[in-house]
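Trainee:
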Amino acid sequence: MIINETKGRVWHGSVYLADTFFRRFRGLMLVRNVNYALVFVLPAETRINASIHMFFMMSDIDVIWLDSSRRIVDFKTARKWRIYAPKKAAKYVIEGPVGLIKALSVEEGDLINWMPTEEREKAVPVKSLIPGKINLNGSKNSIAMVESVKEAKAKEI
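Each step along the sequence shown adds one to the number in this note's numbering, with nothing skipped, and position 25 is 27.
1. Looking only at its chain, what residues have a beta carbon closer than 8 Å to the beta carbon of Tyr-38, apart from the 5 residues adjacent to it on each side?
2. Using only the alpha-carbon positions, how far apart do Glu-110 and Ile-63 sit?
3. What's the gap between the Cα of Arg-26 and the Cα of Asn-51?
4. Can you round the beta-carbon distance between Met-117 and Met-3 to whole angstroms, since I take them to be within the 8 Å contact cut?
5. Need the endpoints of the alpha helix (DSSP H) that Asn-51 sits in, please.
6. Mind checking Ala-125: buried by the 16 CB within 10 Å criterion, or exposed?
7. Have a look at Leu-40, Ile-54 and Ile-114 and flag the residue whose alpha-carbon is nearest the alpha-carbon of Ile-85.
8. Who does His-55 pair with in a DSSP beta bridge?
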């Protein structure tokens, strides 16, 4: 969710952080239907670091540039295969679907905040006792070696 605190407007879509080099590098390139927002956390607050390119983009997007106090310094709908730089230095860049700017009713100087969507775990841990494997489900942080299925069943009781 993205919130325009100045105007009390809220956009209820999914929000993800691009806070590492690789996430910032990938951005929204090659994404066909942009239906979420990506908040870029830049290493330094400058115009050059905050400039974006729209090469390899599959659709247009709305872009909002924020300074370190989360105030809007520039915003626009970015078209494919172009380069954009904010009017002033920015620490955060929000890229999202076209309509984001209108939904938040943004103007320069507005205070913006966001709540990232929790990313689901890629793997779900499950309890299992497999013969010949280490049992990490023991009590008091102990580790036991399971030797047979019969022994494993006996431990469950």
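Backbone N, C-alpha and C fix where the C-beta goes; we use that ideal spot for every residue, glycine too.
Mentor: On the basis of the supplied data:
1. Counting from 1 along the sequence shown, the entry for residue 38 is found at position 36. Here the set comprises Gly-15, Ser-16, Val-17, Tyr-18, Gly-98, Pro-99 and Thr-119.
2. As a working mapping, residue 110 is identified with position 108 in the sequence shown. As a working mapping, residue 63 is identified with position 61 in the sequence shown. Glu-110 and Ile-63 have their C-alpha atoms spaced approximately 18 Å apart.
3. Taking the first residue of the sequence shown as 1, we reach residue 26 at position 24. Taking the first residue of the sequence shown as 1, we reach residue 51 at position 49. Distance from the CA atom of Arg-26 to the CA atom of Asn-51, rounded to whole angstroms, is 11 Å.
4. Counting from 1 along the sequence shown, the entry for residue 117 is found at position 115. Counting from 1 along the sequence shown, the entry for residue 3 is found at position 1. Right, their Cβ atoms sit about 5 Å apart.
5. As a working note, residue 51 is residue 49 in the sequence shown. Unbroken alpha helix (DSSP H) run through Asn-51: 49-52.
6. Reading the sequence shown from its first residue, position 123 is the one you call residue 125. Because Ala-125 carries a pLDDT of 47, less than 50, the predicted location of this residue cannot be relied on, and no value is offered for it.
7. Taking the sequence shown and counting its residues from 1, the one referred to as residue 85 is at position 83. Relative to Ile-85, the option among Leu-40, Ile-54 and Ile-114 whose CA is nearest is Ile-54.
8. Here the question's residue 55 lines up with position 53 in the sequence shown. Within the DSSP secondary-structure output, His-55 pairs in a beta bridge with Ile-85.
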